[in-house]
Amino acid sequence: MSKRAVLEVIALGVEDAVAAQAGGADRLELVTDMAADGLTPPVENFVGIRAAVDISLRVMLRLADGFAAGDVDELVRVARQMRAAGADEFVLGFLDEHGGPDLAAVERIVAELDGCRWTFHRAIDRAADRDALRKQLADLPGLDAYLTAGSPEGVDDGLPTLVAEAARSGEPGYEPRIMVGGGLRLDHVPPLRAAGVDAFHIGGAARPGGWAGPVSVDAVREWRVALDA
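This is the structure:
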(Lines of atoms letter the chains of each structure in order from A; the text may use other names.)
(Lines give C-alpha, C1' and ligand atoms only; values in the text may rest on other atoms or scores of the structure.)
Protein backbone atom coordinates (compact mmCIF):
# COMPACT_ATOMS: atom_id res chain seq x y z
CA MET A 35 0.00 0.00 0.00
CA SER A 36 1.32 3.46 -0.94
CA LYS A 37 2.78 5.59 1.86
CA ARG A 38 2.60 8.72 -0.30
CA ALA A 39 1.23 11.68 1.65
CA VAL A 40 -1.85 13.43 0.30
CA LEU A 41 -1.30 17.02 -0.86
CA GLU A 42 -4.48 19.08 -1.17
CA VAL A 43 -4.37 22.58 -2.69
CA ILE A 44 -7.04 25.27 -2.62
CA ALA A 45 -8.20 26.15 -6.14
CA LEU A 46 -10.30 29.17 -7.02
CA GLY A 47 -10.55 28.45 -10.73
CA VAL A 48 -9.30 26.43 -13.69
CA GLU A 49 -5.87 28.09 -13.82
CA ASP A 50 -5.23 27.21 -10.17
CA ALA A 51 -6.43 23.66 -10.69
CA VAL A 52 -4.23 22.97 -13.71
CA ALA A 53 -1.15 24.42 -11.98
CA ALA A 54 -1.80 22.47 -8.78
CA GLN A 55 -2.14 19.18 -10.64
CA ALA A 56 1.02 19.91 -12.65
CA GLY A 57 2.91 20.55 -9.42
CA GLY A 58 1.90 17.21 -7.93
CA ALA A 59 -1.28 17.90 -5.95
CA ASP A 60 -3.39 14.83 -5.24
CA ARG A 61 -6.59 16.71 -4.53
CA LEU A 62 -8.12 20.17 -4.76
CA GLU A 63 -10.41 22.01 -2.38
CA LEU A 64 -12.72 24.18 -4.49
CA VAL A 65 -13.82 27.46 -2.93
CA THR A 66 -14.53 31.07 -3.71
CA ASP A 67 -14.09 34.28 -1.68
CA MET A 68 -10.98 33.72 0.41
CA ALA A 69 -11.70 37.03 2.16
CA ALA A 70 -14.37 34.97 3.96
CA ASP A 71 -11.97 32.02 4.38
CA GLY A 72 -13.53 30.08 1.51
CA LEU A 73 -17.16 29.73 0.50
CA THR A 74 -19.06 27.47 -1.90
CA PRO A 75 -17.95 28.14 -5.48
CA PRO A 76 -20.41 28.56 -8.35
CA VAL A 77 -21.38 25.24 -9.88
CA GLU A 78 -19.89 26.50 -13.16
CA ASN A 79 -16.48 26.65 -11.47
CA PHE A 80 -16.77 23.02 -10.45
CA VAL A 81 -17.82 21.97 -13.96
CA GLY A 82 -14.93 23.86 -15.57
CA ILE A 83 -12.35 22.50 -13.15
CA ARG A 84 -13.70 18.96 -13.41
CA ALA A 85 -13.22 19.16 -17.17
CA ALA A 86 -9.67 20.50 -16.84
CA VAL A 87 -8.10 18.08 -14.32
CA ASP A 88 -8.48 14.45 -13.36
CA ILE A 89 -7.53 14.54 -9.66
CA SER A 90 -9.98 14.47 -6.76
CA LEU A 91 -12.07 17.59 -6.11
CA ARG A 92 -13.63 18.46 -2.75
CA VAL A 93 -16.25 21.19 -2.98
CA MET A 94 -16.77 23.55 -0.04
CA LEU A 95 -20.32 23.77 1.31
CA ARG A 96 -20.32 27.04 3.25
CA LEU A 97 -22.41 30.14 2.59
CA ALA A 98 -20.88 32.77 4.90
CA ASP A 99 -17.82 33.50 7.00
CA GLY A 100 -17.77 31.86 10.41
CA PHE A 101 -18.86 28.42 11.53
CA ALA A 102 -22.63 28.83 11.87
CA ALA A 103 -24.58 26.87 9.25
CA GLY A 104 -26.99 29.69 8.43
CA ASP A 105 -29.57 28.73 5.79
CA VAL A 106 -29.52 24.95 5.91
CA ASP A 107 -32.21 24.66 3.23
CA GLU A 108 -29.93 26.58 0.88
CA LEU A 109 -26.93 24.41 1.80
CA VAL A 110 -28.98 21.32 0.99
CA ARG A 111 -30.07 22.86 -2.32
CA VAL A 112 -26.49 23.72 -3.23
CA ALA A 113 -25.30 20.23 -2.28
CA ARG A 114 -28.01 18.73 -4.50
CA GLN A 115 -26.98 21.02 -7.36
CA MET A 116 -23.32 20.08 -7.02
CA ARG A 117 -24.16 16.39 -6.88
CA ALA A 118 -26.23 16.75 -10.05
CA ALA A 119 -23.21 18.38 -11.74
CA GLY A 120 -21.04 15.40 -10.81
CA ALA A 121 -19.40 16.45 -7.53
CA ASP A 122 -18.75 13.46 -5.31
CA GLU A 123 -16.47 14.82 -2.54
CA PHE A 124 -17.18 17.73 -0.21
CA VAL A 125 -15.96 19.89 2.68
CA LEU A 126 -18.27 21.16 5.43
CA GLY A 127 -18.52 21.65 9.16
CA PHE A 128 -20.69 23.76 11.44
CA LEU A 129 -20.82 24.56 15.14
CA ASP A 130 -23.77 25.49 17.33
CA GLU A 131 -23.86 28.45 19.70
CA HIS A 132 -22.21 26.36 22.44
CA GLY A 133 -19.21 25.37 20.34
CA GLY A 134 -20.42 21.83 19.73
CA PRO A 135 -21.09 20.35 16.30
CA ASP A 136 -24.35 21.52 14.74
CA LEU A 137 -25.57 17.98 14.29
CA ALA A 138 -28.96 18.92 12.88
CA ALA A 139 -27.36 20.92 10.05
CA VAL A 140 -24.53 18.49 9.37
CA GLU A 141 -26.81 15.45 9.34
CA ARG A 142 -29.23 17.08 6.88
CA ILE A 143 -26.43 17.98 4.48
CA VAL A 144 -24.70 14.62 4.80
CA ALA A 145 -27.98 12.88 4.02
CA GLU A 146 -28.10 14.84 0.76
CA LEU A 147 -24.55 13.72 -0.07
CA ASP A 148 -25.77 10.12 -0.06
CA GLY A 149 -22.54 8.45 1.02
CA CYS A 150 -20.06 10.80 -0.68
CA ARG A 151 -16.76 11.28 1.10
CA TRP A 152 -16.31 14.56 2.95
CA THR A 153 -13.97 16.52 5.19
CA PHE A 154 -15.02 18.25 8.41
CA HIS A 155 -13.13 21.51 8.07
CA ARG A 156 -11.44 23.84 10.54
CA ALA A 157 -14.57 24.36 12.61
CA ILE A 158 -12.98 21.66 14.79
CA ASP A 159 -10.32 24.20 15.76
CA ARG A 160 -13.05 26.44 17.24
CA ALA A 161 -14.91 23.64 18.99
CA ALA A 162 -15.44 23.77 22.75
CA ASP A 163 -14.30 20.14 23.02
CA ARG A 164 -12.44 18.55 20.10
CA ASP A 165 -12.65 15.04 21.50
CA ALA A 166 -16.40 15.27 22.11
CA LEU A 167 -16.96 16.65 18.60
CA ARG A 168 -15.09 13.75 17.04
CA LYS A 169 -17.12 11.22 18.98
CA GLN A 170 -20.42 12.92 18.14
CA LEU A 171 -19.61 12.83 14.44
CA ALA A 172 -18.06 9.34 14.44
CA ASP A 173 -20.99 7.50 12.88
CA LEU A 174 -21.78 9.94 10.08
CA PRO A 175 -21.44 8.29 6.66
CA GLY A 176 -18.67 9.51 4.38
CA LEU A 177 -16.62 11.44 6.95
CA ASP A 178 -13.02 10.51 6.17
CA ALA A 179 -10.93 13.55 7.16
CA TYR A 180 -10.60 16.47 9.53
CA LEU A 181 -8.95 19.61 8.18
CA THR A 182 -7.27 21.08 11.24
CA ALA A 183 -4.38 23.20 12.44
CA GLY A 184 -4.80 21.88 15.96
CA SER A 185 -5.56 25.42 17.14
CA PRO A 186 -7.53 28.48 15.98
CA GLU A 187 -4.16 30.28 15.83
CA GLY A 188 -2.58 27.88 13.35
CA VAL A 189 -0.16 24.98 13.22
CA ASP A 190 2.57 26.70 15.29
CA ASP A 191 0.24 26.65 18.30
CA GLY A 192 -1.56 23.47 17.35
CA LEU A 193 1.38 21.16 16.69
CA PRO A 194 1.23 19.39 20.09
CA THR A 195 -2.50 18.75 19.65
CA LEU A 196 -1.99 17.40 16.13
CA VAL A 197 0.75 15.03 17.30
CA ALA A 198 -1.38 13.83 20.21
CA GLU A 199 -4.40 13.23 17.98
CA ALA A 200 -2.31 11.40 15.39
CA ALA A 201 -1.21 9.02 18.15
CA ARG A 202 -4.88 8.14 18.73
CA SER A 203 -5.50 7.07 15.14
CA GLY A 204 -8.00 4.22 14.98
CA GLU A 205 -9.67 4.97 18.31
CA PRO A 206 -13.42 5.73 18.22
CA GLY A 207 -13.79 9.19 16.67
CA TYR A 208 -10.19 9.17 15.45
CA GLU A 209 -10.59 6.94 12.40
CA PRO A 210 -10.84 9.85 9.92
CA ARG A 211 -7.54 11.06 8.51
CA ILE A 212 -5.93 14.19 9.95
CA MET A 213 -5.33 16.70 7.14
CA VAL A 214 -3.19 19.53 8.47
CA GLY A 215 -3.78 23.04 7.19
CA GLY A 216 -3.85 26.58 8.52
CA GLY A 217 -0.56 28.43 8.81
CA LEU A 218 1.22 25.28 7.63
CA ARG A 219 4.88 25.70 6.65
CA LEU A 220 7.43 23.36 5.18
CA ASP A 221 9.34 23.21 8.49
CA HIS A 222 6.23 21.68 10.11
CA VAL A 223 6.33 18.71 7.75
CA PRO A 224 9.10 16.58 9.36
CA PRO A 225 7.58 16.47 12.88
CA LEU A 226 4.11 15.88 11.49
CA ARG A 227 5.29 13.07 9.20
CA ALA A 228 7.21 11.56 12.12
CA ALA A 229 3.96 11.58 14.11
CA GLY A 230 2.20 9.66 11.33
CA VAL A 231 0.31 12.54 9.68
CA ASP A 232 -0.07 11.80 5.99
CA ALA A 233 -2.29 14.57 4.60
CA PHE A 234 -1.48 18.25 4.10
CA HIS A 235 -3.54 21.22 2.87
CA ILE A 236 -2.11 24.44 1.44
CA GLY A 237 -3.62 27.64 0.12
CA GLY A 238 -1.50 30.75 0.45
CA ALA A 239 1.66 28.60 0.48
CA ALA A 240 0.89 27.66 -3.12
CA ARG A 241 0.68 31.32 -4.18
CA PRO A 242 3.94 33.28 -3.86
CA GLY A 243 2.11 36.38 -5.09
CA GLY A 244 -0.63 36.15 -2.48
CA TRP A 245 -4.31 35.41 -2.96
CA ALA A 246 -4.54 37.92 -5.83
CA GLY A 247 -2.18 35.68 -7.82
CA PRO A 248 -2.57 32.16 -9.18
CA VAL A 249 -1.27 28.87 -7.84
CA SER A 250 2.39 28.35 -8.72
CA VAL A 251 3.43 25.02 -10.22
CA ASP A 252 6.88 25.44 -8.64
CA ALA A 253 5.47 26.20 -5.18
CA VAL A 254 3.26 23.10 -5.26
CA ARG A 255 6.14 21.00 -6.54
CA GLU A 256 8.31 22.16 -3.61
CA TRP A 257 5.65 20.80 -1.25
CA ARG A 258 5.36 17.58 -3.22
CA VAL A 259 9.11 17.01 -2.96
CA ALA A 260 9.09 17.76 0.77
CA LEU A 261 6.23 15.36 1.43
CA ASP A 262 7.86 12.62 -0.62
CA ALA A 263 11.27 13.01 1.06
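Residues 35 to 263 in our numbering are what the sequence shown lists, from first letter to last.
We treat Cβ as the ideally placed atom computed from N, Cα and C, and that holds for glycine.
Predicted, not measured: the structure shown is a model, and the values here were computed from it.
Query: Own chain partners of Arg241 with C-beta closer than 8 Å, once the 5 adjacent residues on each side are dropped; Result: Gly247, Pro248, Val249, Ser250 and Ala253
Query: Buried versus exposed call for Asp221 [16 or more other C-beta atoms within 10 Å across all chains shown]; Result: exposed
Query: Under the three-state DSSP convention, the category Asp252 falls into; Result: helix
Query: Buried versus exposed call for Trp257 [16 or more other C-beta atoms within 10 Å across all chains shown]; Result: buried
Query: Pro135 (DSSP reduced to helix, strand or coil); Result: strand
Query: Simplified DSSP assignment, three categories, for Glu209; Result: coil
Query: Cα-Cα separation between Val65 and Arg84, rounded to whole angstroms; Result: 13 Å
Query: Exposure of His155, with buried meaning 16 or more beta-carbon neighbours within 10 Å; Result: buried
Query: Outcome for Asp262 when other beta-carbon atoms lying within 10 angstroms are tallied against a minimum of 16; Result: exposed
Query: Beta-carbon proximity of Val112 to Thr153, cut-off 8 Å; Result: no
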